[in-house]
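Residue numbers (the numbering used here): 1 to 332.
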């Protein structure tokens with residue numbers, strides 16, 4: 001089967017390798033022609049995961065038409081801010097039998113739409129049932145090393161979810177299915193902001209008690225936001241909720257936690273961008289979440305504190321003191 005991966009970042013590259021190891025012919029679209037050339041000539045992605053040798057049945061190209069021609073599956077491995085532009089470029093190459101999988105964990109800033117909603121907004125209605133999202137506690141670096149990992153695929157059609165489960169499942173990558181695509185996507189969005197908060201805690205030199213408190217109360221905010229959007233509360237106890245929250249808040253590979261640590265040490269979002277080519281989705285996600293929370297009357301103090309630190313340059317310690325000084329509450 002020919003598989004098209006749109007995006008040559010670390011996660012797209014790892015998924016390309018995983019699917020190629022299962023015997024598929026995988027074509028990766030890279031915006032940078034030099035990355036495509038490296039994949040074809042040296043079987044590596046020279047910008048991301050240089051130590052990963054790609055199977056020979058992974059090909060690179062900066063020509064979307066070439067990548068999409070005769071494809072049977074398209075995987076969109078691009079940041080949320082790029083999703084709409086990229087789906088516009090591939091939509092003319094879709095067919096009624098082609099599943100479309102989003103790997104992005106973010107909301108579109110202007111519309112506040114989830115990524116599968118952005119995709120559906122751009123493609124023919126006949127293809128809506130083919131849209132799916134893959135999300136879970138999956139750092140690319142560990143999946144690249146074939147360290148046992150698990151994830152969730154949620155789709156608008158249960159048959160599509162089951163089909164994709166069989167395609168992505170491997171001895172080191174266990175795949176579960178879910179019918180709650182809203183919950184799976186919202187978990188991936190909101191955990192990024194909580195990871196920034198725990199990173200701020202790390203940057204301030206706080207300990208495990210603080211981190212555990214932020215993660216637990218952060219999960220409560222995730223559930224409030226998700227259920228208000230129509231998700232099932234129990235989805236947030238699964239891999240795409242609690243699982244992804246734990247790994248993103250604690251891992252050395254976490255971009256969002258790293259951004260938070262920068263902020264906790266008195267640096268800015270611009271400082272982070274100057275030192276890292278990796279996208280921290282939570283930096284945009286917190287703004288979208290803040291807007292949704294205000295519209296729906298949802299209390300999300302941790303998300304609000306992150307917005308204050310990033311965009312209003314409020315000292316992180318002030319935000320911590322404000323969170324700790326809030327009025328007495330019952331847990332829930």
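Every residue gets a Cβ at the ideal spot worked out from N, C-alpha and C, and that includes glycine.
Source: prediction; values computed, not measured.
Residue i versus the options, residue with shortest Cα-Cα distance
{"i": "residue 65", "options": "77, 91 and 56", "result": "91"}
{"i": "residue 223", "options": "178, 214 and 183", "result": "183"}
{"i": "residue 70", "options": "1, 52 and 109", "result": "1"}
{"i": "residue 6", "options": "235, 139, 60 and 43", "result": "60"}
{"i": "residue 236", "options": "268, 137, 250 and 318", "result": "137"}
{"i": "residue 181", "options": "128, 210 and 212", "result": "128"}
{"i": "residue 19", "options": "284, 133 and 165", "result": "165"}
{"i": "residue 86", "options": "173, 154, 4 and 246", "result": "4"}
{"i": "residue 276", "options": "250, 254 and 67", "result": "254"}
{"i": "residue 201", "options": "250, 72 and 31", "result": "250"}
{"i": "residue 312", "options": "185, 300, 267 and 274", "result": "267"}
{"i": "residue 185", "options": "133, 270 and 252", "result": "133"}
{"i": "residue 98", "options": "175, 161, 274 and 288", "result": "161"}
{"i": "residue 82", "options": "212, 256, 209 and 31", "result": "31"}
{"i": "residue 189", "options": "174, 177, 256 and 210", "result": "256"}
{"i": "residue 139", "options": "274, 93 and 252", "result": "252"}
8 Å Cβ cutoff met for residue i and residue j
{"i": "residue 76", "j": "residue 103", "result": "yes"}
{"i": "residue 218", "j": "residue 310", "result": "no"}
{"i": "residue 286", "j": "residue 307", "result": "yes"}
{"i": "residue 49", "j": "residue 14", "result": "yes"}
{"i": "residue 80", "j": "residue 108", "result": "yes"}
{"i": "residue 187", "j": "residue 240", "result": "yes"}
{"i": "residue 135", "j": "residue 152", "result": "yes"}
{"i": "residue 194", "j": "residue 214", "result": "yes"}
{"i": "residue 317", "j": "residue 242", "result": "no"}
{"i": "residue 283", "j": "residue 225", "result": "no"}
{"i": "residue 289", "j": "residue 278", "result": "no"}
Closer than 8 Å to chain B by CB, residue i
{"i": "residue 261", "result": "The chain labelled as chain B is not found in the depicted structure, where only one protein chain is given."}
Whole-Å CB distance - residue i paired with residue j, under 8 Å assumed
{"i": "residue 259", "j": "residue 199", "result": "6 Å"}
{"i": "residue 117", "j": "residue 192", "result": "Actually they are not in contact, since the Cβ atoms of residue 117 and residue 192 sit about 18 Å apart, beyond 8 Å."}
{"i": "residue 170", "j": "residue 22", "result": "6 Å"}
{"i": "residue 43", "j": "residue 54", "result": "5 Å"}
{"i": "residue 163", "j": "residue 131", "result": "Contact doesn't hold; Cβ gap of about 13 Å is too wide."}
{"i": "residue 172", "j": "residue 146", "result": "4 Å"}
As assigned by DSSP and simplified to three states, the class of residue i
{"i": "residue 322", "result": "helix"}
{"i": "residue 2", "result": "strand"}
{"i": "residue 264", "result": "helix"}
{"i": "residue 73", "result": "strand"}
{"i": "residue 176", "result": "strand"}
{"i": "residue 25", "result": "strand"}
{"i": "residue 297", "result": "coil"}
{"i": "residue 151", "result": "strand"}
{"i": "residue 58", "result": "strand"}
{"i": "residue 233", "result": "helix"}
{"i": "residue 114", "result": "strand"}
{"i": "residue 279", "result": "coil"}
Alpha-carbon to alpha-carbon, residue j and residue i
{"i": "residue 244", "j": "residue 88", "result": "29 Å"}
{"i": "residue 74", "j": "residue 27", "result": "10 Å"}
{"i": "residue 12", "j": "residue 126", "result": "26 Å"}
{"i": "residue 58", "j": "residue 149", "result": "22 Å"}
{"i": "residue 220", "j": "residue 304", "result": "14 Å"}
{"i": "residue 96", "j": "residue 207", "result": "52 Å"}
{"i": "residue 115", "j": "residue 167", "result": "21 Å"}
{"i": "residue 144", "j": "residue 159", "result": "28 Å"}
{"i": "residue 296", "j": "residue 227", "result": "11 Å"}
{"i": "residue 234", "j": "residue 46", "result": "40 Å"}
{"i": "residue 40", "j": "residue 105", "result": "28 Å"}
{"i": "residue 78", "j": "residue 9", "result": "8 Å"}
{"i": "residue 334", "j": "residue 122", "result": "Any answer about residue 334 is impossible in this case: the structure gives the chain only from 1 up to 332."}
{"i": "residue 230", "j": "residue 84", "result": "23 Å"}
{"i": "residue 263", "j": "residue 330", "result": "30 Å"}
{"i": "residue 154", "j": "residue 315", "result": "39 Å"}
{"i": "residue 272", "j": "residue 324", "result": "27 Å"}
{"i": "residue 298", "j": "residue 212", "result": "22 Å"}
{"i": "residue 56", "j": "residue 120", "result": "33 Å"}
{"i": "residue 72", "j": "residue 174", "result": "22 Å"}
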